[in-house]
Structures are given as structure tokens and as C-alpha cells.
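Here's the structure we're looking at; comments come further down.
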Amino acid sequence: MDPRRTPNAASKPKVRQVGFVPRNAPPEPPARAPSYPAEPSSPPLSDSPAGNSLSPVMIPPPRHLSDNISTFRTPAVPVPESTRRRAYHSPVVGSYDPAESLLGTSSPVPSPPSSGRLIGDGEFSEESWLRRSNSAKFASSFPGGGFDLTAVKAVSAADLASSVNLKKTVASDVNVEKTIEKSEGSALEVNNEAIPSSKPLKAKPTKSERRALQESQRAAKAAARAEGNKSTAAASGGVASVKVSKQRTQKKAVASAAPSVAASEKKGSDRALEKDRKKDAPAPRMQFDEKSRVEKAKRRAVVNQTEARNRVELFRHLPEYEQGTQLADLESKFFQLEPIHPAVYKVGLQFLAGDITGGNARCIAMLQAFQEAIKDYVTPPEKTLNRDLTAKISSYVSFFTECRPLSISMGNAIRFIKNRIAKLAVSLSESEAKASLCSDIDRFINEKIIVADQVIVRHAATKIRDGDVLLTYGASCVVEMILLYAHENGKQFRVVVIDSRPKLEGQSLLRRLIAKGLSCTYTHINAVSYIMHEVTGVFLGASSVLSNGTVYSRVGTASVAMVANAFRVPVIICCEAYKFHERVQLDSICFNELGDPDAVIKVPGRMDVNYLGSLRNKENLQLLNLMYDATPSEYVSMIITDYGMIPPTSVPVIVREYRREQLWI
Amino acid sequence: MPDVQALVNEFLFKLKKRKIEGSQATARQTAVLLRSVISQQRIPYTHQAAALIDAVKAVGERLVLANPVELAVGNIIRRVLHIIREEDLSLTSVAMAGLDLSAVSDDEDETDQDDHPVLSAAAVAAASRNTLRPPSLQTLLEDLPDSAAVPHSSSSGGDSEGKSKSADKSSRSRKLKHDVIEAVNELIEDIDTCHEQIAEQAVEHIHQNEVILTLGSSRTVLEFFCAAKEKKRSFRVFVAEGAPRYQGHLLAKELVARGLQTTLITDSAVFAMISRVNMVIVGAHAVMANGGVIAPVGLNMVALAAQRHAVPFVVLAGSHKLCPLYPHNPEVLLNELRSPSELLDFGEFSDCMDFGSGTGSPLLHVVNPTFDYVPPKLVSLFITDTGGHNPSYVYRLIADYYSTDDLVLQRKPASVNSVQT
Numbered sequence: 001m002d003p004r005r006t007p008n009a010a011s012k013p014k015v016r017q018v019g020f021v022p023r024n025a026p027p028e029p030p031a032r033a034p035s036y037p038a039e040p041s042s043p044p045l046s047d048s049p050a051g052n053s054l055s056p057v058m059i060p061p062p063r064h065l066s067d068n069i070s071t072f073r074t075p076a077v078p079v080p081e082s083t084r085r086r087a088y089h090s091p092v093v094g095s096y097d098p099a100e101s102l103l104g105t106s107s108p109v110p111s112p113p114s115s116g117r118l119i120g121d122g123e124f125s126e127e128s129w130l131r132r133s134n135s136a137k138f139a140s141s142f143p144g145g146g147f148d149l150t151a152v153k154a155v156s157a158a159d160l161a162s163s164v165n166l167k168k169t170v171a172s173d174v175n176v177e178k179t180i181e182k183s184e185g186s187a188l189e190v191n192n193e194a195i196p197s198s199k200p201l202k203a204k205p206t207k208s209e210r211r212a213l214q215e216s217q218r219a220a221k222a223a224a225r226a227e228g229n230k231s232t233a234a235a236s237g238g239v240a241s242v243k244v245s246k247q248r249t250q251k252k253a254v255a256s257a258a259p260s261v262a263a264s265e266k267k268g269s270d271r272a273l274e275k276d277r278k279k280d281a282p283a284p285r286m287q288f289d290e291k292s293r294v295e296k297a298k299r300r301a302v303v304n305q306t307e308a309r310n311r312v313e314l315f316r317h318l319p320e321y322e323q324g325t326q327l328a329d330l331e332s333k334f335f336q337l338e339p340i341h342p343a344v345y346k347v348g349l350q351f352l353a354g355d356i357t358g359g360n361a362r363c364i365a366m367l368q369a370f371q372e373a374i375k376d377y378v379t380p381p382e383k384t385l386n387r388d389l390t391a392k393i394s395s396y397v398s399f400f401t402e403c404r405p406l407s408i409s410m411g412n413a414i415r416f417i418k419n420r421i422a423k424l425a426v427s428l429s430e431s432e433a434k435a436s437l438c439s440d441i442d443r444f445i446n447e448k449i450i451v452a453d454q455v456i457v458r459h460a461a462t463k464i465r466d467g468d469v470l471l472t473y474g475a476s477c478v479v480e481m482i483l484l485y486a487h488e489n490g491k492q493f494r495v496v497v498i499d500s501r502p503k504l505e506g507q508s509l510l511r512r513l514i515a516k517g518l519s520c521t522y523t524h525i526n527a528v529s530y531i532m533h534e535v536t537g538v539f540l541g542a543s544s545v546l547s548n549g550t551v552y553s554r555v556g557t558a559s560v561a562m563v564a565n566a567f568r569v570p571v572i573i574c575c576e577a578y579k580f581h582e583r584v585q586l587d588s589i590c591f592n593e594l595g596d597p598d599a600v601i602k603v604p605g606r607m608d609v610n611y612l613g614s615l616r617n618k619e620n621l622q623l624l625n626l627m628y629d630a631t632p633s634e635y636v637s638m639i640i641t642d643y644g645m646i647p648p649t650s651v652p653v654i655v656r657e658y659r660r661e662q663l664w665i
Numbered sequence: 001m002p003d004v005q006a007l008v009n010e011f012l013f014k015l016k017k018r019k020i021e022g023s024q025a026t027a028r029q030t031a032v033l034l035r036s037v038i039s040q041q042r043i044p045y046t047h048q049a050a051a052l053i054d055a056v057k058a059v060g061e062r063l064v065l066a067n068p069v070e071l072a073v074g075n076i077i078r079r080v081l082h083i084i085r086e087e088d089l090s091l092t093s094v095a096m097a098g099l100d101l102s103a104v105s106d107d108e109d110e111t112d113q114d115d116h117p118v119l120s121a122a123a124v125a126a127a128s129r130n131t132l133r134p135p136s137l138q139t140l141l142e143d144l145p146d147s148a149a150v151p152h153s154s155s156s157g158g159d160s161e162g163k164s165k166s167a168d169k170s171s172r173s174r175k176l177k178h179d180v181i182e183a184v185n186e187l188i189e190d191i192d193t194c195h196e197q198i199a200e201q202a203v204e205h206i207h208q209n210e211v212i213l214t215l216g217s218s219r220t221v222l223e224f225f226c227a228a229k230e231k232k233r234s235f236r237v238f239v240a241e242g243a244p245r246y247q248g249h250l251l252a253k254e255l256v257a258r259g260l261q262t263t264l265i266t267d268s269a270v271f272a273m274i275s276r277v278n279m280v281i282v283g284a285h286a287v288m289a290n291g292g293v294i295a296p297v298g299l300n301m302v303a304l305a306a307q308r309h310a311v312p313f314v315v316l317a318g319s320h321k322l323c324p325l326y327p328h329n330p331e332v333l334l335n336e337l338r339s340p341s342e343l344l345d346f347g348e349f350s351d352c353m354d355f356g357s358g359t360g361s362p363l364l365h366v367v368n369p370t371f372d373y374v375p376p377k378l379v380s381l382f383i384t385d386t387g388g389h390n391p392s393y394v395y396r397l398i399a400d401y402y403s404t405d406d407l408v409l410q411r412k413p414a415s416v417n418s419v420q421t
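Quick mapping for you: the protein sequence lines, in order, are chains A and B.
319 is the number that full-length UniProt numbering gives to position 319 of the first sequence; each next residue is one higher, with no gaps.
127 is the number that full-length UniProt numbering gives to position 127 of the second sequence; each next residue is one higher, with no gaps.
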């Protein structure tokens with residue numbers, strides 16, 4: 001990540017300033033404080049790839065600011081802080097992470113044009129601050145990401161140890177009681193959270209890590225007990241000392257295993273932040289081979305699907321159900337269901353039955369169902385809209401997931417909605433809030449899907465010349481729009497539609513194209529190497545584009561792209577930017593969706609092919625109906641998004657910029 | 001004669017209508033037919049071998065034309081021609097060896113008198129070596145110096161013998177025919193047993209807990225798996241269904257019936273699954289001289305995916321599938337387009353196609369090829385009934401089975417050649 005990221009950052013310093021500088025967001029100085037000293041004091045380390053992206057280190061500050069950042073943030077911006085930052089900061093502004101420039105009210109390079117976009121209220125900036133730090137965390141999930149945290153940690157651990165004291169005292173002076181409670185609670189609680197979250201990062205650190213954790217835990221407890229009755233100042237001192245001891249143990253760990261410390265930082269971070277981050281970080285997906293969790297989920301489930309027989313061993317971690325067994329039952333329950341809004345229920349059943357397919361269609365249907373639900377929503381007494389509505393949406397989402405696993409694009413849309421709900425100003429009345437949410441959803445659909453498609457179509461049409469033979473696979477609505485648009489504009493070209501079982505989506509696309517008078521060739525995926533000789537370009541849709549450039553799309557896309565690549569035919573992926581995701585994936589097995597296994601056996605229209613009908617119950621016959629696959633980025637020549645035409649290596653840039661921009665919608 | 005003609009016509013009809021499934025069945029039937037052609041052929045006193053060759057070529061040409069894509073027919077015809085030439089050669093050399101001993105002063109041989117015994121001995125050695133296949137590369141090198149001389153001596157020897165020794169004629173002609181039919185019988189037996197011979201090698205290639213992917217159906221592959229299974233190897237097979245014929249379903253059914261762990265996947269999932277596969281084992285339609293494979297459609301895709309993930313791509317092929325031709329544009333020239341109805345039902349798209357206002361060129365083409373060409377660089381290994389071979393070695397295998405005179409089966413130039421030599 002780092003080699004890639006640095007040049008990007010360098011090339012887009014302006015964007016960053018535009019996005020953040022003008023916002024007047026009160027800087028998060030304490031955050032900065034620890035990271036800055038690190039830089040000058042240990043140049044060799046900061047030279048290392050990770051040294052560049054200090055952002056993760058900034059996570060700690062909000063921890064002390066815990067609940068009401070807004071109240072004490074202003075006082076917490078101590079003057080010395082900003083001067084200090086400036087002193088350290090000024091030479092490196094451009095190359096820093098977005099998070100950094102957030103602090104930049106007083107940063108030396110405020111850019112004037114950005115002021116137009118600015119929303120200055122404190123709440124918003126808080127939100128965006130959290131967001132930013134989230135994105136920093138996402139960044140750390142990139143291949144090299146682990147280093148980010150860790151190396152920085154290594155750099156700054158020493159400084160932290162000392163600076164934490166200072167920070168602590170500043171924070172605690174402002175809001176003593178709260179911080180004490182908070183930090184005591186969170187010190188213990190976060191510890192618990194830190195362990196699982198640290199796992200993915202490194203296995204190595206665990207031993208020293210754990211020791212550090214235990215020590216600090218013990219220290220925290222002792223401190224709490226000892227100083228429970230003492231004055232606030234003393235308490236805060238105690239907390240600070242806990243922190244310090246933590247840092248010290250950490251330092252030890254650093255000494256032994258420098259890159260492994262990442263996790264321990266987390267334990268210090270605030271609970272609220274942690275929670276928020278969890279909310280919109282790519283949550284660890286449910287692994288369906290974990291029995292207990294699956295059981296739990298089943299008890300809550302509205303849709304009780306029967307599990308398919310003879311599961312493929314390799315895909316135990318994914319849900320696989322027999323299809324069509326529950327539909328009638330669920331339909332009959334339509335009027336009885338209390339907790340689920342009818343619009344949501346209807347769309348869910350449509351997902352289940354397969355009436356709505358395609359990333360965009362599903363996403364729009366879901367958003368519109370949410371819109372309906374929000375319109376009919378009434379805040380129950382003694383509850384706040386923000387929290388209760390979020391919970392409602394979450395329950396709807398889990399219902400959708402039961403019907404059919406969510407696509408990544410839908411996940412992004414949900415994240416957007418939740419974000420909007422969380423950001424609603426408290427001053428808004430309920431009807432105002434609802435109206436604003438509905439219009440937000442409308443705008444999302446319009447800007448991110450409909451207009452985005454139009455932009456993509458314009459871009460892609462420039463790549464179609466007379467005499468071209470364009471190949472497409474399956475039925476992507478964007479690709480269809482591109483082909484129709486080019487045809488309407490008088491381009492002379494031929495289309496090759498490749499199709500595959502069991503969905504045979506290509507047939508419907510073929511039907512629509514022919515009805516519009518396009519000249520088409522139709523064949524199945526096995527014949528793709530036969531037809532590829534005459535093809536001049538391959539246009540493919542995508543369900544999602546992951547930040548390592550992998551294209552996650554209908555199963556078979558990878559094969560088509562691979563054959564095209566072998567025949568030196570350019571492969572162009574058309575995908576709206578809202579489908580981009582910071583997740584990474586290398587193969588098609590870790591995450592996927594399994595369709596109805598019986599669809600593999602049945603070949604519609606071919607009565608002669610029915611060899612396996614009688615063997616369905618045999619133990620040693622398994623059927624696998626994969627829905628998606630991951631196309632490696634080296635097969636992709638270009639990705640056309642609403643932001644323009646980019647190489648697959650630039651996906652992380654879009655993901656990052658897009659995340660930031662999403663806040664402005 | 002007439003009954004042979006009837007047989008030939010019947011076989012031609014079957015070939016034209018694509019009634020025969022699989023290259024093994026085709027190869028066997030071709031061999032059986034040629035055997036009856038040979039046995040019914042009346043042999044003249046002179047040029048016996050040439051007469052047989054002519055007769056076989058006459059039939060062969062028609063058979064090949066009936067279904068040029070079924071390369072096994074041509075292969076078997078060439079094999080039979082090769083057998084005739086070899087038998088003729090060995091007979092002549094044996095006769096000549098006797099000739100040299102008894103009548104050294106014969107007029108015809110005066111010119112190259114001192115040369116002759118050596119030559120004939122070499123010819124005998126070469127012939128005997130040729131009949132013992134597989135020959136090593138070394139014998140090839142040894143053969144090289146006199147390879148040009150051997151065919152010459154054989155035909156001239158035949159001529160001289162025919163002229164001088166009329167008493168032997170009838171017995172010799174009967175002997176030649178008899179030997180040829182014997183050899184053709186051996187060939188038929190070879191074809192029949194090639195599955196077993198290939199399957200015998202299964203344990204050397206499939207180990208415990210292996211995950212194997214295959215596409216479509218092939219009897220060779222099925223027997224290969226079963227042989228490994230019988231040897232108590234437990235492994236897992238992913239079968240891609242092989243649209244649009246869905247032979248994979250058939251293979252899966254057979255494998256399940258024999259107790260193998262089988263997973264049926266769609267063809268589109270091949271790329272997704274191949275990263276978890278240890279080996280791809282497939283059958284072939286024909287193996288070309290450069291090591292390329294004419295295979296059921298879809299295998300090029302599988303081979304590319306296998307190459308990307310460094311998974312060995314193993315092709316099982318009986319020796320009757322070895323074709324001595326080099327492919328030129330094989331995707332088109334050695335391919336066959338099947339009925340579009342396998343992909344789209346007839347009339348399914350009539351509603352959206354406006355035939356009345358059509359400009360003459362139809363809007364919709366449906367392409368349904370039967371075969372794929374897998375270039376040699378994508379193949380890791382060939383397993384034939386004579387063992388495993390690299391793609392680069394195939395040309396050498398072919399040299400054992402075919403004589404260079406027969407590579408072109410068109411009769412006009414071919415007959416001129418064969419008579420002249």
C-alpha cells in the first residue's frame with residue numbers, strides 16, 4: 001500500500017486541502033501531539049513506508065475526548081499544541097493522509113477555493129473526523145496496512161509515553177469526571193475488544209502483547225480501586241498513570257518485536273470511536289461454519305431457509321439454501337409481520353424469489369423500501385430518532401440479508417444511510433429529519449446510480465469505434481446502456497453476447513439488443529476462445545471493484561477476462577464508484593454467494609440432459625452454484641467509473657476520495 | 001467386393017451424419033472396415049504392396065472427406081498404410097537376405113553388388129526395430145544414414161523378386177496380406193485396450209487427497225479415475241459440466257456411481273475453483289503433431305486458468321488420437337459448428353426479430369463450436385498408452401506410427417508418389 005499510496009498522496013495534495021482545510025474543523029490536537037514528535041526525533045523510521053502515513057496514530061486523541069468531543073474540543077485545542085504541530089508539520093503537509101489535513105485549520109496552506117464546500121459546524125466536523133480516522137483504519141487493512149499502525153507505533157511509542165501524560169492532563173482537566181469513568185471503563189472494555197481486532201494484523205505479537213494487556217489491566221484495576229474515592233485530579237492522574245504504564249509495556253514490546261504493536265494502540269482508543277468505526281468498517285462477515293453464531297442468527301431470523309444437502313466442503317463458511325421452499329410461507333405472513341415494514345418485506349421477498357436481480361436494481365429497490373419505511377416511521381416515546389431509526393434500519397438490513405446476501409454496493413448504500421441518520425442535527429424536528437433523509441436517499445439514487453451511469457456511458461462511448469466487435473458477458477445494465485447509446489449515435493459495431501448457465505442472463509440482454517436492431521452473436525462461455533479472435537474489445541460490468549483492483553462480478557467474468565487477456569483484447573470494466581469497496585480479496589472462495597444448487601442439475605429446454613436427477617441424494621455428489629468470482633486486476637485494462645477512466649491500480653484512490661466525498665452528499 | 005462397398009457406404013453415411021460418438025469408436029470401426037477392405041482386395045502379381053496401399057487410400061480418401069474433423073479416421077488409415085509398408089519391407093528384406101545368399105550374381109544387382117548385403121541387413125534391422133515400438137531416440141539416429149535407402153531398396157527388391165522368382169509369388173502375396181491383416185488386428189486390439197493401458201498409469205499421477213478438475217466427459221478420463229480409485233486412492237473430482245452438451249453430468253453420474261467424491265460445477269466457475277485444484281485431467285479429441293490438442297470446447301479456457309494458477313494440465317490420449325498433421329488455424333479449420341438449438345430454442349427469438357423489414361443480413365448469429373484448440377505451451381503432460389510424454393515429444397511419437405509418404409491422403413498426388421517409389 002505504501003508505495004502506491006505515497007505517490008497518490010503526493011499527486012493530489014490540492015484535493016486534500018480542498019476537502020478539509022477550509023472546514024474550520026477544530027483541530028484534534030491531542031491526536032497530533034503524539035505523532036509529531038515522532039517524526040523529527042526518529043527520521044530513519046519515519047522514512048520507512050509507514051512513517052509516511054501517520055494518520056493511524058491520530059486515533060488515540062478522540063479516546064480521551066470520548067463522549068462529548070464538541071464540548072471540550074475547543075478548550076482542548078491548546079495553543080502550544082497547534083504551534084507545535086505547525087513547527088513539525090509545515091514541511092510535509094502535502095504528503096500526509098487526509099486525516100492530517102483535517103487538523104489543518106491553522107495549517108500553513110489553507111486553500112481558498114475550498115471554502116465553498118465548507119460546512120463549519122462542530123458536529124459535522126466531528127463526524128468527519130471519525131470518518132477520517134475510519135478511513136485511516138481501512139487503509140490499514142490494505143496489504144501493507146498492518147505496518148502503518150505498527151511502525152508508527154514503534155516510532156512514536158516513546159514519545160507517546162511522555163506525551164500521553166501531558167495529553168491526559170489537558171483532557172482530564174477539562175472534563176474530569178467523565179474521562180475517568182470513561183477511561184476506566186474503556187480501558188477494561190477496550191482491552192477485550194482489542195484482542196480479536198488485533199488478530200488479523202499479526203500473529204506474532206500476541207505473547208508480549210497479551211502480557212502488556214494484562215499488566216495494564218491489572219494496573220487499571222488497581223488504580224481504580226485505590227483512587228476511586230480520591231479527588232478528581234488524583235483520579236485523572238491515576239488514569240494517566242495507567243496509560244503511561246500501558247505505554248511502557250508497549251515500549252517493551254516494541255523493543256522486542258517492533259512491527260507488532262499495532263493492536264495495543266487500539267486498547268487505548270475510545271469506546272465511542274471504536275463503536276463508530278465498527279459500524280462502518282467492513283464488518284467481519286458472518287462465517288457460516290461457526291455453529292454458535294449461526295444458531296443465534298437463526299433464532300432471530302424471519303426467513304427460515306432449509307439448508308442445502310451435500311454441501312461442498314470448501315464453502316462451509318457461506319450460506320447455501322434450497323430455494324423456493326419458504327416463499328409461499330413468507331408470502332402468507334405478509335400482513336402479520338409487525339416489526340418489518342411492508343415495503344421492506346415486499347422487496348425482501350422479491351430478492352428471495354429472484355424477481356429483482358442486478359446490483360443497481362437491488363440497491364435502488366432497497367433504498368426505496370427504506371424511504372417508504374422512513375416516511376412511515378414514528379419515533380417511539382422516550383427514544384431518539386437517531387438511535388431508534390438506525391436500529392430499525394439494521395433490523396431491515398438483517399432481514400434483507402436473510403433473503404439474499406447483500407451485495408457490496410448495497411452495503412455501501414446502507415452505510416451511507418446510517419451515516420446520514422447519525423449526522424442528523426438534533427435540532428431537527430422528526431418530520432424535517434425524515435424529509436431530509438428521504439431527499440438524501442433520492443439524491444443518492446440519482447447521483448450515485450442514475451447520473452453515474454450516464455457519465456459512464458458517455459465515457460465508454462468514446463472507446464467504441466466503427467467496425468468494432470464488442471464482447472460482453474452476462475447482462476450488465478451499464479454495458480447495455482453503453483451499447484444502446486453507441487448504437488443510437490450511429491456507431492457501426494457488432495456485439496458478441498457470452499452467456500453461461502445456470503442463469504442465462506445473456507438471453508434477456510440479447511433479446512433487448514436485437515429488439516433495438518443491434519447485430520449480435522450469441523454463444524456460451526466455453527466457446528469464448530473461439531469467438532475471441534474476432535473481438536476488438538470486451539466490456540464487462542461488475543458487482544464491485546475491490547481496492548486491490550480485483551473485480552468482483554458474475555461468475556465467469558474472470559474466465560472471459562482471462563481469455564481476452566490471452567488474446568490481447570482490451571478488457572474494460574464499467575462500474576459505478578459507489579460499488580467500490582476497500583475490502584480486498586485474492587480468490588473467489590473466501591467470500592462469495594452460493595446459488596440454488598439444484599439449478600446446476602436442471603437444464604431447461606434440454607430433456608435429454610437429466611442424468612443426475614435420481615442421484616441428488618447421494619452422499620458423494622455435491623453441486624456447486626457459485627454466483628460471483630474475482631477477476632485479478634492484471635486482466636483489466638481499464639475501469640470506467642463516474643469519476644472517469646482509471647487503471648485498476650487507482651481503485652484505492654477512488655475509494656479513499658469517494659469515502660470523503662460521501663460526507664458531502 | 002460389393003459387400004465391402006456396402007460396408008464402406010454404410011460407414012460413410014454414419015460418419016457424415018455424425019452417428020459415431022467418440023474418436024475411439026470411430027478409430028476402431030475404421031480399422032475393422034479397412035481390415036475387410038484389405039482381405040477382400042485382390043492382389044496382383046506385381047506391386048502388391050502398392051496395390052493394397054492404393055485400395056486403402058481410395059477408401060480412406062472418401063472416409064476422410066466424409067468427416068474431415070474426425071481426425072481419428074485419417075490416423076487409422078495412415079496407420080494401416082504404414083503397416084502395409086512395414087510388412088512389405090520386412091518381407092522383402094527377408095526375401096532379399098535369402099536372395100543375396102543364393103543368387104549373388106543376378107544381373108540386376110550387379111551394380112551395387114558389394115553394397116547390397118549390408119543394405120539388406122540394415123533394412124532387416126530397421127524393420128525389426130520399427131516393429132518393436134516404442135523405439136528409442138537412439139535407433140532413430142542410427143536409422144538416419146540409410147533411411148533414404150531403405151524404401152528404395154524395398155520397392156526395387158520387390159520388383160526384382162517379382163520378376164525373377166515366379167514360384168514364390170502366390171505364397172508371398174498371400175503372406176503379405178496375411179501379415180497385414182494380422183498387424184491390423186493388433187492395431188484394433190491396441191485401440192480396444194488403450195483405456196486400460198492409460199488407466200494403469202493412474203496411480204503414478206494421482207495421489208491421496210488430490211483435488212482434480214475435469215471438463216466434459218471422456219471414457220479415458222473416467223477409467224483413469226476409476227483405476228486410481230480401485231487402488232484405494234481417495235481423491236476429489238470437480239467436474240465442469242461442459243455446456244452445451246452437458247457431458248459433465250454424465251461423467252459425474254458415472255463417478256458418483258463408483259463412489260468417488262464428485263462435485264459438479266458450472267463451466268463459468270472453473271476460474272474460481274481452479275485455485276483449489278491440484279491437477280486438471282482431461283480427454284482430447286485429437287493430438288496434433290506440434291503437441292497442440294483438439295479438445296472439447298471450453299478446454300482452452302480451462303488450460304489458461306490452469307496455467308495462471310500453475311496447475312498441471314494433463315491430457316489423456318490413446319495413440320489413435322495422435323495426428324501427424326500440423327495445425328493451421330485449428331480453431332476454424334478443425335472445428336465443427338453444431339446446431340444453435342443447443343443454445344437457443346428454435347423460434348425463441350422470433351418475436352424480437354423483424355423479418356419483414358430485415359435488410360437481408362440476420363441480426364442474430366448463434367455460434368456453437370464443438371472443439372477448442374489448446375496450444376502445446378498450455379499442456380503439461382500427455383499420457384498415452386505408451387506412457388507419459390511432453391508436448392514437444394509428440395512429433396517423435398508420430399514418427400513411429402506413420403510413414404511420411406502417407407501424410408497427404410489425397411489420392412492423385414499420393415498415388416503417383418507411391419507408385420514411383
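Cβ atoms here follow ideal geometry from the backbone N, Cα and C, with glycine treated the same way.
TODO: Can you tell me which of B/T262, B/R308, B/A202, B/V297 puts its alpha carbon nearest to the alpha carbon of B/K231?
DONE: Comparing alpha carbon positions, the residue from B/T262, B/R308, B/A202, B/V297 closest to B/K231 is B/A202.
Task: Sequence-distant residues of its chain with Cβ nearer than 8 Å to B/G259 (five each side left out) - done: Here the set comprises K229.
Task: Within chain A, the residues that B/D345 reaches when beta carbons sit closer than 8 Å - done: Simply G605.
- [ ] List the whole-angstrom C-beta distance separating B/F235 from B/N209, where the pair is believed to meet the contact cut-off of C-beta under 8 Å.
- [x] With a Cβ gap of about 6 Å, B/F235 and B/N209 count as contacting.
Task: DSSP state of B/G98 mapped onto helix, strand, coil - done: In the structure shown, B/G98 sits in a helix (DSSP, three-state: H, G or I).
Task: Buried or exposed (CB count within 10 angstroms, at least 16 for buried), B/H389 - done: Buried is the call here.
Open item on the list: With a threshold of 8 Å between beta-carbons, can A/H524 be considered close to chain B, or not?
Closed with: The C-beta of A/H524 comes closer than 8 Å to at least one C-beta of chain B.
- [ ] Report all residues from its chain with a CB closer than 6 Å to the CB of A/K178; omit the five preceding and five following residues, and keep chain order.
- [x] At A/K178 the pLDDT is 46, less than 50, meaning the model places this residue with poor confidence; the figure from the coordinates comes in the next sentence. Within the same chain, no residue comes within 6 Å of A/K178 by CB-CB distance, once the 5 residues on both sides are set aside.
TODO: Kindly indicate which three-state DSSP category B/R233 falls into: helix, strand or coil?
DONE: Of the three classes helix, strand and coil, the one that applies to B/R233 here is coil, per DSSP.
Open item on the list: Quick check: what's the CA-CA separation for A/F493 versus A/E402?
Closed with: For A/F493 and A/E402, the distance between alpha carbons rounds to 43 Å.
- [ ] For my contact list, A/I514 and B/L363 are in at a C-beta cut-off of 8 Å; report their separation, rounded to the angstrom.
- [x] Contact holds; Cβ gap of about 5 Å.
- [ ] For chain A, find out if any of its Cβ atoms is closer than 8 Å to the Cβ of B/K229; answer yes or no.
- [x] No, B/K229 does not count as interfacial toward chain A.
Open item on the list: Let me check understanding here. Comparing Cα to Cα, which of B/K16, B/I84, B/L255, B/K14 lies closest to A/E619?
Closed with: Selected option, being the one with the closest Cα: B/L255.
TODO: Report buried or exposed for B/G60, applying the criterion of at least 16 other Cβ atoms within 10 angstroms of its Cβ.
DONE: Per the 10 Å Cβ criterion, buried.
- [ ] Below 9 Å between beta carbons is the criterion; list the residues of the segment 258-273 of chain B that meet it against any residue of chain A, in chain order.
- [x] Of all residues in the segment 258-273 of chain B, G259, L260, Q261, T262, T263, L264, I265, T266, D267, S268, A269, V270, F271, A272, M273 have a Cβ within less than 9 Å of some Cβ in chain A.
Task: Secondary structure of B/A207, DSSP reduced to three states - done: Note that residue 207 of chain B is His in the sequence shown here, rather than Ala. Coil.
TODO: Give a yes or no on whether the minimum CB-CB distance between residue 742 of chain A and chain B is below 8 Å.
DONE: Residue 742 of chain A is absent from the model: chain A starts at 1 and stops at 665.
Task: Pairwise C-alpha distance: A/K298 and A/P597 - done: Pairing A/P597 with A/K298, the inter-Cα distance amounts to about 21 Å.
Task: A/E307, DSSP secondary structure in three states - done: Strand at A/E307.
Task: Contact with chain B by A/N617, beta-carbon distance below 8 Å - done: No, no contact with chain B.
Open item on the list: Please report the distance separating the alpha-carbon of A/Q287 from that of A/I531.
Closed with: Between the C-alpha atoms of A/Q287 and A/I531 there is a straight-line separation of about 40 Å.
Task: Nearest-angstrom Cα separation, counted from B/I84 out to B/S93 - done: B/S93 and B/I84: Cα-Cα distance of roughly 14 Å.
- [ ] With distances taken Cα to Cα, identify the nearest neighbour of B/I198 among B/L187, B/D54, B/F225, B/I20.
- [x] Minimum Cα distance to B/I198 is reached at B/F225.
- [ ] Kindly indicate which three-state DSSP category B/Y373 falls into: helix, strand or coil?
- [x] Three-state DSSP puts B/Y373 in a strand.
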